[in-house]
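A.B. asks:
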């Protein structure tokens, strides 16, 4: 909202210096720019699809006969090495994981220690896998082009998917209800985890394609970003609305003595958050359509994360407050 107000004030000042058209004219210009941008993105979709196909084809071009098969086999070997390193990591901390599973914390400090250890294990697995994969591709793929493609796929796609899955396992524990940080049923936990991981895959693959298109000078990266962003926001809205009952239970936290205000908030928050996700997309498009780049898609993604994670953060904070009381 602050970004929008700043943008509005800057546009108003600039226009005031020129011809002072007034606030109504400025707002009309915003909507006109937005409409033009939507039309341009829609007309550019076929070209964007062709550019995506060209980017994918470029991954397998420029090698000698049989070179693509060798590349894929070496990349698979690198991933296998990374999986082996992760397995050794898990085996090395097997005793610690068992202690965490059986632990019954008696106070806030013990609870925080266990939560911190679980988070460290989940993130540690991803870090070990990623570092091992990067080292392996650097050793196995000496060609700079092959190394770029393999590294981009690991850091843009695999890392995002793995990190999202790790966060979901930590917060929701879809298949381990006794380790779940929030109060909800297994269907909701598994539904949210599965869809968030798929969304992470979509976004990560978009980042990967964007890197390839920039590397090889292929056009229409802005259009690709637009359509991936639109798909992600629509998907999030559908997930939130479909998991309405489960998200309500997460906010209620299993508390039978909630105040009427908290009950109303728990009931309405999923709908409100879906509206905020939609507003975030429209807000970003209006700002970008006006030619202002101060609000980047990356900063908009941060807002999405805060909106989506609000019910989980609310439950965790109220749990800590209950321990303190």
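Residue numbers (my numbering): 565 to 889. We put the CB at the ideal spot given by N, CA and C, even for glycine.
Buried or exposed for residue 612, please, with buried defined as at least 16 other CB atoms from any protein chain shown within 10 angstroms of its CB.
C.D. replies: On the chain shown, position 48 is the one that residue 612 refers to. It counts as buried.
A.B. asks: Helix, strand or coil, according to DSSP, for residue 779 in the structure here?
C.D. replies: Indexing the chain shown from 1 puts residue 779 at position 215. Residue state, collapsed to three classes: helix.
A.B. asks: Cβ of residue 619 within 7 Å of Cβ of residue 773?
C.D. replies: Here residue 619 corresponds to residue number 55 of the chain shown, with the count starting at 1. Here residue 773 corresponds to residue number 209 of the chain shown, with the count starting at 1. Cβ atoms of residue 619 and residue 773: closer than 7 Å.
A.B. asks: Would DSSP call residue 746 helix, strand or coil?
C.D. replies: By one-based count along the chain shown, residue 746 stands at place 182. It is coil, neither helix nor strand.
A.B. asks: Helix, strand or coil for residue 657 per DSSP?
C.D. replies: Within the chain shown, numbered from 1, the residue matching residue 657 stands at position 93. Reduced to three states, the DSSP call for residue 657 is coil.
A.B. asks: Please list the segments of the alpha helix (DSSP H) lying wholly inside the stretch 702-776, counting only runs of 4 or more residues, in order along the chain.
C.D. replies: As far as the stretch 702-776 is concerned, its whole alpha helix (DSSP H) runs of at least 4 residues are 708-716, 723-736.
A.B. asks: Once DSSP output is grouped into helix, strand and coil, what is the label at residue 674?
C.D. replies: By 1-based counting over the chain shown, the position of residue 674 is 110. Residue 674: helix per DSSP, three-state reduction.
A.B. asks: Any idea what DSSP makes of residue 849, helix, strand or coil?
C.D. replies: The sequence position of residue 849 within the chain shown is 285, counting from 1. Residue 849: helix per DSSP, three-state reduction.
A.B. asks: Starting from the C-beta of residue 767, find all residues in its chain whose C-beta is less than 7 Å away, skip the five residues before and the five after it, and write them out in chain order.
C.D. replies: As a working note, residue 767 is residue 203 in the chain shown. Contacts found: 724, 792, 796.
A.B. asks: Hey, would you say residue 764 sits closer than 7 Å to residue 728, going by beta carbons?
C.D. replies: Indexing the chain shown from 1 puts residue 764 at position 200. Indexing the chain shown from 1 puts residue 728 at position 164. It is a contact, given that the beta carbons lie within the stated cut-off.
A.B. asks: For residue 629, which three-state DSSP category applies?
C.D. replies: The sequence position of residue 629 within the chain shown is 65, counting from 1. Three-state result, residue 629: coil.
A.B. asks: Please classify residue 588: is it buried, with 16 or more other beta-carbons within 10 angstroms of its beta-carbon, or exposed?
C.D. replies: Residue numbering aside, residue 588 sits at position 24 when the chain shown is read from its first letter. The residue in question, residue 588, is exposed, as its Cβ has fewer than 16 Cβ neighbours within 10 Å.
A.B. asks: Do residue 780 and residue 596 count as a contact pair if the criterion is CB distance below 7 Å?
C.D. replies: For the purposes of this step, residue 596 is identified with residue 32 of the chain shown, where counting begins at 1. For the purposes of this step, residue 780 is identified with residue 216 of the chain shown, where counting begins at 1. No, Cβ-Cβ distance for residue 596 and residue 780 is not below 7 Å.
A.B. asks: How many Å lie between residue 722 and residue 837 at the Cα?
C.D. replies: Position 158 of the chain shown, counted from the start, is the residue given in the question as residue 722. Position 273 of the chain shown, counted from the start, is the residue given in the question as residue 837. Residue 722 and residue 837: Cα-Cα distance of roughly 28 Å.
A.B. asks: Relative to the alpha-carbon of residue 709, which residue among 840, 662, 775 has its alpha-carbon at the smallest distance?
C.D. replies: For the purposes of this step, residue 709 is identified with residue 145 of the chain shown, where counting begins at 1. When each option's Cα is compared against that of residue 709, the closest is 775.
A.B. asks: DSSP three-state label for residue 608, please.
C.D. replies: Against the chain shown, residue 608 aligns to sequence position 44. Of the three classes helix, strand and coil, the one that applies to residue 608 here is coil, per DSSP.
A.B. asks: How is residue 693 classed by DSSP in three states: helix, strand or coil?
C.D. replies: Counted from its first residue, the chain shown places residue 693 at position 129. If DSSP states are grouped into helix, strand and coil, residue 693 belongs with the helices.
A.B. asks: Does the separation of the CB atoms of residue 732 and residue 760 fall below 7 Å?
C.D. replies: Reading the chain shown from its first residue, position 168 is the one you call residue 732. Reading the chain shown from its first residue, position 196 is the one you call residue 760. Cβ distance < 7 Å, so residue 732 and residue 760 count as in contact.
A.B. asks: Could you say if the stretch 696-707 and the stretch 742-761 meet the contact criterion of at least three C-beta pairs nearer than 8 Å?
C.D. replies: Contact fails: fewer than three Cβ-Cβ distances are below 8 Å.
A.B. asks: Quick check: the Cα distance between residue 738 and residue 643, rounded to an integer number of angstroms?
C.D. replies: Looking up residue 738 in the chain shown gives position 174. Looking up residue 643 in the chain shown gives position 79. The alpha-carbon atoms of residue 738 and residue 643 are separated by roughly 25 Å.
A.B. asks: Return helix, strand or coil for residue 822, following the three-state DSSP convention.
C.D. replies: Taking the chain shown and counting its residues from 1, the one referred to as residue 822 is at position 258. Coil, per DSSP.
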